[in-house]
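Student:
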Amino acid sequence: MPDKFAPRLREKSNYPMGLLEVDIDPAAECFAILERVNLRLLWQSDIPADNQVKHLIRKDHSLAGVIFIMFDADEQFNARIIDGFKLPLVDSHSVNLGY
Numbered sequence: 706m707p708d709k710f711a712p713r714l715r716e717k718s719n720y721p722m723g724l725l726e727v728d729i730d731p732a733a734e735c736f737a738i739l740e741r742v743n744l745r746l747l748w749q750s751d752i753p754a755d756n757q758v759k760h761l762i763r764k765d766h767s768l769a770g771v772i773f774i775m776f777d778a779d780e781q782f783n784a785r786i787i788d789g790f791k792l793p794l795v796d797s798h799s800v801n802l803g804y
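Here it is, written out as structure tokens:
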């Protein structure tokens, strides 16, 4: 469940937004996105059925960098972390997020 104080990520905007795209390990069951500067939770969710995560993130978070963590609830592997994403800025209206 998303942090109720976190900014909305999947919202389209008239301003450039960072595009996060990750192919998820099939053993992972959920993920979290953290703001790198202060480790604030930006988003958490279960893994989509196609093991593809695609999110739009506000420009200020995108340029500061984010941390992506994959978790396995069955504890078959340790959490996997991808640190220091600098996200490409895109026109959010031109991105197909699948919803």
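At position 28 of the sequence shown the residue is numbered 733 (the working numbering), and the sequence of numbers has no breaks.
Beta carbons are placed, not taken as given, at the ideal position from N, Cα and C, and that holds for glycine.
(1) Would you mind reading off the limits of the beta strand (DSSP E) that contains residue 788?
(2) In the DSSP assignment, what residue or residues form a beta bridge with residue 762?
(3) Are there three or more Cβ pairs, one per stretch, closer than 8 Å when the segment 746-763 is compared with the segment 781-788?
(4) Could you tell me how far apart the beta carbons of residue 735 and residue 751 are, in whole angstroms, since I believe they sit closer than 8 Å?
(5) Expressed to the nearest angstrom, what Euclidean distance is found between the alpha-carbon atoms of residue 781 and residue 732?
(6) Looking at residue 792 and residue 725, is the spacing between their C-beta atoms short of 8 Å?
(7) For the candidate residues 770, 797, 778, 779, whose alpha-carbon lies nearest to that of residue 805?
(8) Kindly list the residues whose CB is nearer than 8 Å to the CB of residue 706, restricted to its own chain and excluding five residues on each side of it in sequence; keep chain order.
(9) Considering only residues of the same chain and omitting the five flanking positions on each side of residue 711, which have a CB-CB separation below 8 Å?
(10) Who are the Cβ neighbours of residue 721 in its own chain at under 6 Å, not counting the five residues just before and after it?
Tutor: Let's see:
(1) Element bounds for residue 788: 785-790.
(2) Partner(s): 723.
(3) Too few Cβ pairs lie closer than 8 Å, so no.
(4) That belief holds up - the Cβ atoms of residue 735 and residue 751 are roughly 5 Å apart, short of 8 Å.
(5) Taking the straight line from one Cα to the other gives about 8 Å.
(6) A contact, by the Cβ cut-off of 8 Å.
(7) Nothing about residue 805 can be read from this structure; the chain reaches only from 706 to 804.
(8) Only weak support exists for where residue 706 lies, its pLDDT of 45 falling under 50; the value from the coordinates is given anyway. The answer, listed in chain order, is 749.
(9) Here residue 711 scores only 47 on pLDDT, less than 50, and its place in the model is too uncertain to base an answer on.
(10) Cβ neighbours of residue 721 beyond the five flanking positions: 764, 794.
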